[in-house]
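Novice: Heads up: the sequence lines are chains L and X, in that order.
Numbers in the working numbering are just positions in the first sequence, counted from 1, shifted up by 34.
Numbers in the working numbering are just positions in the second sequence, counted from 1, shifted up by 1.
Where is the CB? At the ideal position from N, CA and C, for every residue including glycine.
The structure that follows is given in the form of structure tokens.
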Amino acid sequence: GAGVSQSPSNKVTEKGKDVELRCDPISGHTALYWYRQSLGQGLEFLIYFQGNSAPDKSGLPSDRFSAERTGGSVSTLTIQRTQQEDSAVYLCASSDPGTSEQYFGPGTRLTVT
Amino acid sequence: AQSVTQLGSHVSVSEGALVLLRCNYSSSVPPYLFWYVQYPNQGLQLLLKYTSAATLVKGINGFEAEFKKSETSFHLTKPSAHMSDAAEYFCAVTKKTSYDKVIFGPGTSLSVIP
Chain L
35 GAGVSQSPSN KVTEKGKDVE LRCDPISGHT ALYWYRQSLG QGLEFLIYFQ
85 GNSAPDKSGL PSDRFSAERT GGSVSTLTIQ RTQQEDSAVY LCASSDPGTS
135 EQYFGPGTRL TVT
Chain X
2 AQSVTQLGSH VSVSEGALVL LRCNYSSSVP PYLFWYVQYP NQGLQLLLKY
52 TSAATLVKGI NGFEAEFKKS ETSFHLTKPS AHMSDAAEYF CAVTKKTSYD
102 KVIFGPGTSL SVIP
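Spelled out as structure tokens, the structure:
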């Protein structure tokens, strides 16, 4: 079956530009996570959506970062006024809260020049 | 609040030797525990999970982990390392049967020496 998909797979942008990253979770998964992974580093939690509850935004590094999830399905992570330190792989994962097992997408590699 | 610690950010073992990657968790309620693996230039995938059935959990590629409540540990082992086991390993915890988010540890990079 279809897994978690993310688009674009790669994004190169100039410093100061806004970018939008998209995540399509597995159908029926009510939980959705965004993480950031810098080169050689671990997973940095960004934001967590669970059903219709208010999202847990405690991991967003600055107010330049925002995310939304429309209709309990597709999610978009927006980074405004990108900075070079935003360069990383952005990972999305979805899960069925009954199992909490996460399924990860392939990631979007963001490069800010 | 829940948390996960992984002792040793880098572990090196010889091919054929025992692999032991350590994970300790903190949780005020019964946990679900997970190990995920990330092979070089690949995405994360589930290796194994503990969800309150058997305390010794077997996963893919010959890995297993034992849940020890008294030690708040969930160490990952494999009797004999293969070169293909070189990867980043992440331990994770969440509350059992809840809608709480999953917390990941910082990861352990495993190198296998021929």
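Is the separation between the beta-carbon of X:Asp-86 and that of X:Lys-79 shorter than 9 Å?
Specialist: For the purposes of this step, residue 86 of chain X is taken as residue 85 along the second sequence, with counting starting at 1. For the purposes of this step, residue 79 of chain X is taken as residue 78 along the second sequence, with counting starting at 1. Closer than 9 Å, so yes.
Novice: Just verifying my parser: in three-state terms, what is the DSSP assignment at L:Asp-52?
Specialist: Position 18 of the first sequence, counted from the first residue, corresponds to residue 52 of chain L. Coil, per DSSP.
Novice: Relative to the alpha-carbon of X:Pro-31, which residue among X:Val-94, X:Leu-47, X:Phe-105, X:Thr-109 has its alpha-carbon at the smallest distance?
Specialist: Residue numbering aside, residue 31 of chain X sits at position 30 when the second sequence is read from its first letter. For X:Pro-31, the nearest C-alpha among the options comes from X:Val-94.
Novice: Spatial neighbours of L:Asn-86 within its chain, please: CB distance less than 8 Å, with the 5 preceding and 5 following residues excluded, ordered by chain position.
Specialist: To locate residue 86 of chain L, count along the first sequence from 1; it is residue 52. Closer than 8 Å at Cβ, skipping near neighbours: Gly-106.
Novice: Does DSSP put L:Ile-60 in a helix, in a strand, or in coil?
Specialist: Numbered from its first residue, the first sequence carries residue 60 of chain L at position 26. The answer is coil: DSSP assigns L:Ile-60 none of H, G, I, E or B.
Novice: Given that L:Leu-77 touches chain X, what residues does it touch there, using C-beta distances under 7 Å?
Specialist: Residue mapping note: residue 77 of chain L aligns to position 43 of the first sequence, counting from 1. Residues of chain X passing the Cβ test: Phe-91, Phe-105.
Novice: Considering Cα atoms alone, identify which of L:Ser-39, L:Ser-92, L:Ser-100 is closest to L:Cys-57.
Specialist: In the first sequence, residue 57 of chain L corresponds to position 23, counting from 1. Of the listed residues, the one whose Cα sits closest to L:Cys-57 is L:Ser-39.
Novice: So what's X:Asp-101 in DSSP terms, helix, strand or just coil?
Specialist: Along the second sequence, one-based indexing puts residue 101 of chain X at 100. Here X:Asp-101 sits in coil by DSSP.
Novice: How many angstroms separate the CA atom of X:Pro-1 from the CA atom of X:Ser-13?
Specialist: This structure cannot speak to residue 1 of chain X, because chain X is shown only from 2 to 115.
Novice: Determine the chain L residues that contact X:Gly-60 at a beta-carbon separation under 7 Å, and present them in chain order.
Specialist: Sequence index remark: in the second sequence, residue 60 of chain X carries index 59 (1-based). Here the premise fails: no neighbours, minimum Cβ distance about 12 Å.
Novice: Are the C-beta atoms of L:Gly-62 and some chain X residue less than 9 Å apart?
Specialist: Along the first sequence, read from residue 1 onward, the residue named residue 62 of chain L stands at position 28. Taking Cβ atoms only, chain X never reaches closer than 9 Å to L:Gly-62, which makes this a no.
Novice: Counting beta carbon pairs with one atom in the region 17-31 of chain X and one in the region 63-82 of chain X, are three or more of them shorter than 8 Å?
Specialist: yes
Novice: With 16 as the cutoff for other CB atoms within 10 Å, does X:Glu-16 come out buried or exposed?
Specialist: Here residue 16 of chain X is taken as the residue at index 15 of the second sequence, counted from 1. Exposed, by the Cβ-count rule.
Novice: Give me the residue from X:Thr-73, X:Leu-19, X:Glu-89 with the minimum Cα distance to L:Gly-76.
Specialist: Along the first sequence, one-based indexing puts residue 76 of chain L at 42. The shortest C-alpha separation from L:Gly-76 is found at X:Glu-89.
Novice: So, is the C-beta of L:Tyr-67 closer than 9 Å to a C-beta in chain X?
Specialist: Sequence index remark: in the first sequence, residue 67 of chain L carries index 33 (1-based). Yes - at least one Cβ of chain X is within 9 Å of the one on L:Tyr-67.
Novice: Rounded to the nearest angstrom, what separates X:His-83 and L:Leu-80 at their Cα positions?
Specialist: Looking up residue 83 of chain X in the second sequence gives position 82. Looking up residue 80 of chain L in the first sequence gives position 46. So the two alpha carbons sit approximately 34 Å from each other.
Novice: Under 9 Å between the Cβ atoms of L:Pro-42 and L:Gln-84?
Specialist: For this step, residue 42 of chain L is matched to residue 8 along the first sequence. For this step, residue 84 of chain L is matched to residue 50 along the first sequence. No, they are not a contact pair.
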